[in-house]
Structure formats: C-alpha cells, structure tokens
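>
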Amino acid sequence: MGAFWLVFIVNIVMVSLVQGQGSGLQNGFYSSSCPKAGAVVRSTVESHFNKDPTIAAALLRLHFHDCFVQGCDGSVLISGSSAERSALPNLGLRGFEVIDDAKALLESLCPGVVSCADILAVAARDAVDLSDGPSWAVPTGRRDGRVSSSSQTSSLPSPLESIAVQRQKFAAKGLNDHDLVTLVGAHSIGQTDCLFFRYRLYNFTTTGSADPTINQSFLTQLQSLCPRNGDGSKKVGLDIGSETKFDVSFFKNVRDGKGVLESDQRLWGDDGTRRVVENYAGNVRGLLGLRFDYEFRKAMIKMSSIEVKTGSDGEIRKTCSKINK
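With mature numbering (1 follows the signal peptide of the UniProt record, and there is no 0) applied, the sequence shown covers -20 to -1, 1 to 305.
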C-alpha cells in the first residue's frame, strides 16, 4: 500500500474517532426511530440546490450562526420579533425554507422524532458535499432549544472584527486558531453584499483611500463590481473565480491579497492564523486540497457539537419556526 493511501485511511479512521466525542451525540442516532431521515434531508437539500446552487453556502452559514448562539439547538430557526433570526447579524440569513420542507416530510414519516437542529446539521453537510466538497458522518441526537433571543447574538463573529476578537469568540466556543481558519474556509462557496466591504475600496479607515492590503489588480476588479455609489445589495462571491466550488482557492486568494471581506484578509496579517492559511494555500488540487477536506470535516464535527442539548434537555419541535406549546 502506498504512503498516500495509508495516510488517507488513517485520516478517515481518525475522523470516525472524533465524531461527536464527549457531546452525547452519536452516529446512526435515527437508525431505528427514523431510518430514512438522512435520505429525506439529502433529497430536500438537493432539490433546492438544483434550482439555486447558492443555497449551499446559505445553509452552511445558517448552521454556523445557530451553533454560535446557545449552541447547535436550532434556535436560529425560530421566528419572532425578538428571536435570533431578527437580530442584525442574522438579517441576511437564508435557507429556512429548506429546513422547513425537510421537517414537514419527516413529520409525516416519523412524527416527533427528528429535531430541527439535527436537520440543519445534516443539511449543512449535504450542502458542502453537493458543492464538490467533503462529506462526513454527522453525529446526531441534538434536541431543539426553547429559547431564542436576539440580544444573545453578540457572540457571533463579525466581518469587521480584528483577529484578536474573532479568536476570543471562537475560543469561547472551544475552537482554536486552526478551527477558526478552517471554518472560515466555508467562504469558498459564500457570497456577500457590496455594502459589507465597499468601505475597503474607497474610504478605508476614513482615509479616502483603499485598504492597502488589497492586491492592486483585484482592487480594480472589485471597484468595477461595486462602484462607489452603486447598489449596496449586489452580491459578490467571497472566493472570486471559484465561488460555486468548495476548494482551497479561497486560501490562495487570501494569501495573494484577494480576500473580499476585511476579516478574511486579516487572516494573513496575524502570525497564528497565517500559518494555517499557508498550509492550505499551497495547491488547489492534490494532497493539500485533501488535507483541507479532512480538516474541514473535523472542524465541522467539532463546531456542530457546541453546547448541544441531548437526552431530556430541550424538545423535538413540530415546526422548526416555533416552540412547541
């Protein structure tokens, strides 16, 4: 057996060992109570993805925003004027209808069994897989939270924050620098509005000039996409040139001064995060690409286990957008 395949097999074994470790989650949680749960979520995500491939990044972001506020308990799915999804950091979230569609099908098949939090975690995995990214066994058994408050969303990282602040927010959730950079790699398939980075192009730190960390040719490209007085809601890929494919080109762009968001580009300016970017940025294909795939699997399993509710904690919502009565 070649050295490459030996390393690959060892990596797969290691992924299986860390899945849900210490969280109370387990693989195959619904194997008896609702054996078709995974297939139903997958077919639902695939149906929406075939109509709109950008839904993949939306589902991944939805799961991330759920886990960073009160843990991965589906609380971001609850609607209401004071709920999480109504808070400013969550106003651009999409993909709720995908989770609702999957939940409706599962309620007809296995009523009161599959949690919204688990549906979201599985949907995020399927979204990555459909975007030519890695797949992994999602440990399940999460229960849904009964609290959703917009006032608690300050724990969400912001694209305007320094690496030091982001590091602190990730550390509060048990995630380190390596996890931070790896999870930000989800921006390989993300989009953002011109509104969120246009200040970097024309008036960075109120100097009247552009952010000096932006590659000059890339600056011209971004200015053409987002004119000074243009539509701030215009969407731009966070990994320009490869925005629909889950790969490591995002890290190459950060290395080359082509990060769209300030927070993404700052990964290159911090010694701790820069080393991780360098490790991933070496090649779009081959071993380095596989290393990112493997590390992303691990980071997602770790993130999706944050402060989960299991056993008798929480509930299994009948409708993902509202708490059971």
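In this text, a Cβ means the ideal position worked out from N, Cα and C, and glycines have one as well.
(1) Beta-carbon separation of VAL145 and TYR10 under 9 Å?
(2) Which of the three DSSP states is assigned to THR24 in this structure?
(3) Taking all protein chains shown into account, do 16 or more other C-beta atoms lie within 10 angstroms of the C-beta of THR187, making it buried, or fewer, making it exposed?
(4) Pairing CB atoms from the segment 250 to 264 with CB atoms from the segment 278 to 296, are three or more of them under 8 Å?
(5) Grab me the residues of GLY51's own chain with a C-beta within less than 6 Å of its C-beta, minus the 5 sequence neighbours each way, in chain order.
(6) So which of ALA97, PRO139, ALA67, ASP109 has the shortest CA-CA distance to THR120?
(7) Quick check on this structure: which residue in VAL56, ARG65, LEU100, ASN70 has the alpha carbon closest to the alpha carbon of VAL20?
(8) Starting from VAL145, trace the alpha helix (DSSP H) in both directions and tell me its first and last residue.
(9) Closest to LYS16 by C-alpha separation, out of LEU86, GLY60, SER61, PHE176, would be which residue?
(10) With which residues is GLY217 paired in a DSSP beta bridge?
(11) Under the rule that 16 or more other beta-carbon atoms within 10 Å means buried, what is PRO207, buried or exposed?
(12) Counting Cβ pairs, one atom from each stretch, are 3 or more of them under 8 Å apart for the segment 231 to 245 and the segment 157 to 168?
(13) Does DSSP put ASP227 in a helix, a strand or coil?
(14) According to DSSP, is residue 313 part of a helix, a strand, or is it coil?
(15) Is LEU40 closer than 9 Å to residue 331 when the C-beta atoms are compared?
(16) Determine the direct distance from the alpha carbon of ASN195 to that of ALA117, and round the result to whole angstroms.
(17) CB THR34 to CB THR299, shorter than 9 Å?
(18) By the DSSP assignment, the alpha helix (DSSP H) with SER204 in it spans what residues?
(19) Going by alpha carbons, who is nearest to PRO137 out of ARG246, ARG147, ALA63, ASP273?
(20) State the beta-bridge partners of THR120 as determined by DSSP.
(21) Spatial neighbours of ARG254 within its chain, please: C-beta separation below 6 Å, excluding the five flanking residues on both sides.
(22) To the nearest angstrom, how far is the alpha carbon of GLY18 from that of GLY8?
(23) Can you tell which of ARG297, GLU275, LEU241 has the C-alpha that lies nearest to the C-alpha of ARG180?
(24) Helix, strand or coil: which one does DSSP assign to GLU295?
(25) Quick one: residues in its chain with C-beta nearer than 7 Å to the C-beta of ASP124, no 5 flanking neighbours on either side, listed in chain order?
(26) Excluding five sequence neighbours on each side, which residues of the same chain lie with their C-beta closer than 7 Å to the C-beta of ASN304?
(27) On the three-state DSSP scale, how would you describe LYS16?
(28) Could you give the distance in angstroms between the alpha-carbon of GLY217 and the alpha-carbon of LEU5?
(29) List the whole-angstrom C-beta distance separating ASP191 from PHE184, where the pair is believed to meet the contact cut-off of C-beta under 8 Å.
(30) LYS232 by DSSP, collapsed to three states: which one?
(31) Does the beta-carbon of GLU77 have 16 or more other beta-carbons within 10 angstroms, so that it is buried, or is it exposed?
On the basis of the coordinates in this document:
(1) Here residue 145 refers to the residue found at position 165 when the sequence shown is read from its first residue. Here residue 10 refers to the residue found at position 30 when the sequence shown is read from its first residue. No.
(2) The sequence position of residue 24 within the sequence shown is 44, counting from 1. Helix, per DSSP.
(3) Looking up residue 187 in the sequence shown gives position 207. A residue is called buried once 16 or more other Cβ atoms fall within 10 Å of its Cβ, and THR187, having fewer, is exposed.
(4) Verdict: no, contact absent.
(5) Sequence index remark: in the sequence shown, residue 51 carries index 71 (1-based). For GLY51, the CB contacts under 6 Å within the same chain, skipping 5 residues up- and downstream, are ILE286, GLU287, VAL288 in chain order.
(6) If you number the sequence shown from 1, residue 120 lands on position 140. Ranked by Cα distance from THR120, the first of ALA97, PRO139, ALA67, ASP109 is ALA97.
(7) Stepping through the sequence shown from its first residue, residue 20 is reached at position 40. Here the closest residue by C-alpha is LEU100.
(8) Taking the first residue of the sequence shown as 1, we reach residue 145 at position 165. 143 to 151 is the span of the alpha helix (DSSP H), which, as asked, contains VAL145.
(9) Numbered from 1 along the sequence shown, position 36 holds the residue referred to as residue 16. Selected option, being the one with the closest Cα: LEU86.
(10) Translated into the one-based positions of the sequence shown, residue 217 becomes position 237. BP columns for GLY217 point to GLN171.
(11) In the sequence shown, the residue the question calls residue 207 occupies position 227. Residue environment for PRO207: exposed (fewer than 16 other C-beta atoms within 10 angstroms of its C-beta).
(12) Yes, since at least three Cβ pairs between the segment 231 to 245 and the segment 157 to 168 fall closer than 8 Å, the two stretches touch.
(13) Numbered from 1 along the sequence shown, position 247 holds the residue referred to as residue 227. Coil.
(14) Examination of residue 313 is not possible in this model, given that the chain is present from -20 through 305 alone.
(15) Past the edges of the chain, shown from -20 to 305, lies residue 331, and the structure says nothing about it.
(16) Numbered from its first residue, the sequence shown carries residue 117 at position 137. Numbered from its first residue, the sequence shown carries residue 195 at position 215. For ALA117 and ASN195, the distance between alpha carbons rounds to 39 Å.
(17) Along the sequence shown, read from residue 1 onward, the residue named residue 34 stands at position 54. Along the sequence shown, read from residue 1 onward, the residue named residue 299 stands at position 319. Result no, Cβ atoms of THR34 and THR299 do not sit closer than 9 Å.
(18) Counting from one through the sequence shown, the residue named residue 204 turns up at place 224. First-last of the alpha helix (DSSP H) with SER204: 196 to 205.
(19) If you number the sequence shown from 1, residue 137 lands on position 157. Looking at the Cα atoms, ARG147 is the closest of the given residues.
(20) In the sequence shown, the residue the question calls residue 120 occupies position 140. DSSP, once it has assigned bridges, lists GLN6 as partnering THR120.
(21) On the sequence shown, residue 254 is found 274 positions in, with the first residue counted as 1. Once the five neighbours on either side are set aside, the close Cβ partners of ARG254 are TRP248.
(22) What you label residue 18 is simply residue 38 of the sequence shown in a count that begins at 1. What you label residue 8 is simply residue 28 of the sequence shown in a count that begins at 1. If you take the alpha carbons of GLY18 and GLY8, they lie about 9 Å apart.
(23) By 1-based counting over the sequence shown, the position of residue 180 is 200. Answer by Cα proximity: LEU241.
(24) In the sequence shown, counting from the first residue as 1, residue 295 sits at position 315. In this structure, GLU295 counts as strand in the three-state DSSP scheme.
(25) Indexing the sequence shown from 1 puts residue 124 at position 144. Sequence-distant Cβ neighbours of ASP124 in its own chain, meaning closer than 7 Å and more than five residues away, are ASP53, GLY54, SER95, CYS96, ALA97, GLY294, GLU295, ILE296, ARG297.
(26) Position 324 of the sequence shown, counted from the first residue, corresponds to residue 304. Excluding positions up to five away in sequence, the list reads GLU295, ARG297, LYS298.
(27) Here residue 16 corresponds to residue number 36 of the sequence shown, with the count starting at 1. Three-state DSSP puts LYS16 in coil, outside helix and strand.
(28) What you label residue 217 is simply residue 237 of the sequence shown in a count that begins at 1. What you label residue 5 is simply residue 25 of the sequence shown in a count that begins at 1. Each residue's Cα considered, the two are about 34 Å apart.
(29) Taking the sequence shown and counting its residues from 1, one reaches residue 191 at position 211. Taking the sequence shown and counting its residues from 1, one reaches residue 184 at position 204. Between ASP191 and PHE184 the beta-carbon gap is near 4 Å, inside 8 Å, which marks them as a contact.
(30) Counted from its first residue, the sequence shown places residue 232 at position 252. In this structure, LYS232 counts as helix in the three-state DSSP scheme.
(31) Counting from 1 along the sequence shown, the entry for residue 77 is found at position 97. Counting Cβ neighbours within 10 Å, GLU77 comes out exposed, since fewer than 16 surround it.
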